[in-house]
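Each protein sequence line maps, in turn, to chains A and B. Following the numbering used here, the numbering of the first sequence begins with 110 at its first residue and continues without gaps. Following the numbering used here, the numbering of the second sequence begins with 679 at its first residue and continues without gaps. Heads up, the beta-carbon is just placed ideally off N, CA and C, and yes, glycines get one too.
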Amino acid sequence: MLMDDSLRELYQEVILDHSRHPRHFGALADATHVGEGFNPLCGDRVKIYLILGADNRIADIKFEGKGCAISQASASLMTDMIVGRTVEEVEKLMGGFLNLVKGEDVQGLSPDDRERLEVMGGVSAFPMRVKCATLAWHTMKSALEGGTAAKTE
Amino acid sequence: MNAPAKLPMFDAAAARADFEILSREVYGKPLVYLDSAASAQKPRQVLDAMRDFATSEYANVHRGVHYLSATATERYEAARESVRRFLNAAHADEIVFTKGGTEAINLVSYSFLAPRIQPGDEIVLSVMEHHSNIVPWHFLRERQGAVLRWVDVRDDGSLDIEALDDAIGAKTKLVAITHMSNVLGTVTPLKEIVARAHAKGVPVLADGCQGAVHGRVDVRDLDIDFYAITGHKLYGPTGIGALYAKRAHLKAMRPFNGGGEMIREVTRDVVTYADPPARFEAGTPPIIESVGLAAALDYLSSMDRTAIAAHEHDLLSYAREQLRELNWVRVIGDAPGKGAILSFEADGMHAHDLATILDREGVAVRAGHHCAQVLMERFNVASTTRASFALYNTREDVDVFVAALHKARGILG
């Protein structure tokens, strides 16, 4: 059935695997940038630690968090994808991701990036859940910008 | 399912026919509405009353000398009388209309308690309060140095009356407590609480937003000082609620909002205030909503409320029994005599993921902290899923709900 399809798409195996076995989970003692995100509506929390190298690349990144499968999987996938990239590349990736989860046209992503992000695309059929998917990304961005707390409501 | 069917004491199927929204579908599935603790659906009697009033008798109240202003004022004051009767207050002027339960509690905080608070004075409240019965007291902590004394609940969610009694001391200026927890379903022994507090000369405010829905309230029998209700959980409209307060308290209270209708005389130099309840009803009140609220209370009173309570309790027990068989579900709140609210956690499933899947099965539940973060912390959970039952729910609703839980387990578990 149609509804079941959209649920299966939302909670596909890759998402559940990321949420059950998050990559890059934990703290970084020598982080250069730290950001904390909180969604006051549902209580999702995420804390991002990252090390920005002299070459403007993200040398390492970790996250801690508590929340729904979507928010945790999104954080895990994000950390997996942005490590090693420059700040500019990360911002481009984030732009594409935000378009994707809102069901808008996605441009400027490499086919490989697009394919990896596509697993989160099912969120676009659940407008109430988009903020769960974007929390980690907004938190990462606020960490890069100086670590003010991010919020998605 | 397998539980022995009881003879129906209350005809929920007949009542359902009054609620047109319950026959709609969501995502192609029949709606199963288990979120009445957040807001109840409205029967056609309420909607008709509001429409009829607006199409034949409406104008502003207490102002004009014209015909419609008189009919509208009559209806508005008749609604006040309906609330008085519903709560069994002694006098209609002890009922102040507000925009909801939250405003009713804020009114007590601002107009009654704030002028009496010295730094170090205490307000006693339980950990199971809704934010609407916490934040107005935090204001007094922030602004005037009041101290909040928290009374814990037991692991089953019941209130420890002795702990509450111990918390009431020489500096206590108010006990603020829920009549029924919106998360745990716990019903507090209000009469006993009032007796203990009054023995120490302390007034009591009850948040009755849930309590007034599920059982009869008699403010005189309780001897309670303040009782707050909201219309939309009582099958009435949004935008209206009421505060019951003893006449002597209201007379001693300073105004809340300033504006029209709450004054006696305004000059360039001075202003004198109207007597209660008008003193606390500045501006044009929710007039159409007052008629809707009165219709809702009439609707409830036209039925056997003991039978409604028994029906809701049957749904609660029926659901509770089925969840007991699921070793991956943990119910939070099992206090004896609790109301028809079921909050739970499910292993490996966050409340929001679970609620999303239930939603696609047509089942509306609440997921989150339920505006009770202090309680969430007490039970060491970030969020729970909550199913709440109303007079129009049936055992079939519970069956669909439980089947949907199994489905969610299949997808997420």
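Roughly how many angstroms separate the alpha carbons of residue i and residue j, rounded to a whole number?
i: B/Ile-907; j: B/Gly-886; result: 5 Å
i: A/Ala-163; j: A/Ala-140; result: 13 Å
i: B/Phe-1079; j: B/Lys-911; result: 21 Å
i: B/His-808; j: B/Ala-884; result: 11 Å
i: B/Arg-983; j: B/Ala-732; result: 29 Å
i: B/Pro-1014; j: B/Gly-1040; result: 31 Å
i: B/Thr-864; j: B/Pro-915; result: 25 Å
i: B/Gln-888; j: B/Leu-1020; result: 13 Å
i: B/Ser-1033; j: B/Thr-1063; result: Reading off the sequence, residue 1033 of chain B comes out as Ala, not Ser. Cα to Cα, B/Ala-1033 sits roughly 7 Å from B/Thr-1063.
i: B/Ile-948; j: A/Gly-144; result: It should be pointed out that residue 948 of chain B corresponds to Val in this sequence rather than to Ile. Going by the C-alpha atoms only, they are around 53 Å apart.
i: B/Arg-898; j: A/Arg-129; result: 55 Å
i: A/Asp-214; j: A/Arg-223; result: 12 Å
i: A/Leu-159; j: B/Leu-826; result: 39 Å
i: B/Phe-904; j: B/Ile-855; result: 10 Å
i: B/Leu-709; j: A/Gly-193; result: 48 Å
Can you find a C-beta in chain B that's less than 8 Å from the C-beta of residue i?
i: A/Lys-175; result: yes
i: A/Phe-147; result: no
i: A/Leu-150; result: yes
i: A/Leu-244; result: no
i: A/Ala-178; result: yes
i: A/Phe-235; result: yes
i: A/Leu-186; result: no
i: A/Arg-132; result: no
i: A/Tyr-277; result: Because chain A is modelled from 110 through 262, residue 277 of chain A falls outside the range shown and cannot be assessed.
i: A/Leu-253; result: no
If I measure Cβ to Cβ from residue i and keep anything under 7 Å in the same chain, skipping five residues before and after, which residues do I get?
i: B/Ser-787; result: Pro-814, Trp-815, Phe-817 and Leu-818
i: A/Met-110; result: Note that A/Met-110 scores a pLDDT of 43, beneath 50, so its modelled location is shaky; the value from the coordinates is reported in the next line. So the list is empty, once near-sequence residues are dropped.
i: B/Gly-893; result: Ala-987
So, for residue i: in the same chain, excluding its five sequence neighbours on each side, which residues have a beta-carbon less than 8 Å away from its beta-carbon?
i: B/Asp-838; result: Val-829, Asp-830, Val-831 and Arg-832
i: A/Leu-161; result: Thr-141, His-142, Ile-167, Ala-168, Val-196 and Leu-253
i: B/Ile-1035; result: Ala-1082, Lys-1085, Ala-1086, Ile-1089 and Leu-1090
i: B/Asn-738; result: Ser-747, Ala-750, Thr-962 and Ile-965
i: B/Ala-690; result: His-989, Leu-1069, Tyr-1070, Asn-1071 and Thr-1072
i: B/Ala-956; result: His-740, Glu-939 and Met-940
i: A/Ala-234; result: Ser-115, Glu-118, Leu-119 and Gly-212
i: B/Val-704; result: Asp-1037, Gly-1040 and Ala-1042
i: B/Arg-925; result: Ala-768, His-769, Asp-771, Glu-772 and Pro-954
i: B/Glu-698; result: Arg-722
Between residue i and the rest of its own chain, which residues show a CB-CB distance below 6 Å, the 5 nearest in sequence each way excluded?
i: A/Ile-191; result: Ile-167 and Val-199
i: B/Lys-869; result: Leu-900
i: B/Gly-1046; result: Ser-1061
i: A/Lys-175; result: Arg-154
i: B/Val-659; result: It is not possible to answer for residue 659 of chain B, since the shown part of chain B is limited to 679 through 1091.
Tell me, please, whether the CB atom of residue i is closer than 8 Å to any CB atom in chain A?
i: B/Ser-1061; result: yes
i: B/Thr-1034; result: yes
i: B/Gly-668; result: Absent from the structure is residue 668 of chain B, since the part of chain B shown begins at 679 and ends at 1091.
i: B/His-1030; result: yes
i: B/Ile-812; result: no
i: B/Arg-1038; result: yes
i: B/Ile-1089; result: yes
>> Which complete beta strand (DSSP E) runs does the stretch 115-167 of chain A hold, if anything under 3 residues is left out?
In response: Note on the stretch 115-167 of chain A: whole beta strand (DSSP E) runs with a minimum of 3 residues are 142-148 and 153-161, in chain order.
> In chain order, which beta strand (DSSP E) runs of at least 3 residues are fully inside the stretch 763-789 of chain B?
Replying inline: If we require 3 residues or more, the beta strand (DSSP E) runs fully inside the stretch 763-789 of chain B come out as 773-776.
>> Please give the ranges of any alpha helix (DSSP H) in the stretch 175-214 of chain A, keeping only runs that are unbroken, at least 4 residues long and fully inside the region.
In response: Listed in chain order, they are 178-191 and 196-210.
>> What are the residues in the stretch 193-209 of chain A lying within 9 Å of chain C by C-beta distance?
In response: Absence of chain C from the displayed structure is noted, the protein chains being A and B.
>> Three or more C-beta pairs under 8 Å: does that hold for the stretch 1041-1048 of chain B against the stretch 782-798 of chain B?
In response: Below 8 Å, too few C-beta pairs join the stretch 1041-1048 of chain B and the stretch 782-798 of chain B to call them touching: fewer than three.
>> Suppose only complete runs of 3+ residues qualify. What are the beta strand (DSSP E) ranges in the stretch 799-867 of chain B, listed by chain order?
In response: For the stretch 799-867 of chain B, whole beta strand (DSSP E) runs of length 3 or above, ordered along the chain, are 800-804, 825-829 and 850-856.
> Of all the alpha helix (DSSP H) runs that stay within the bounds of the stretch 905-942 of chain B, which reach a length of 4 or more residues?
Replying inline: Runs found: 925-930.
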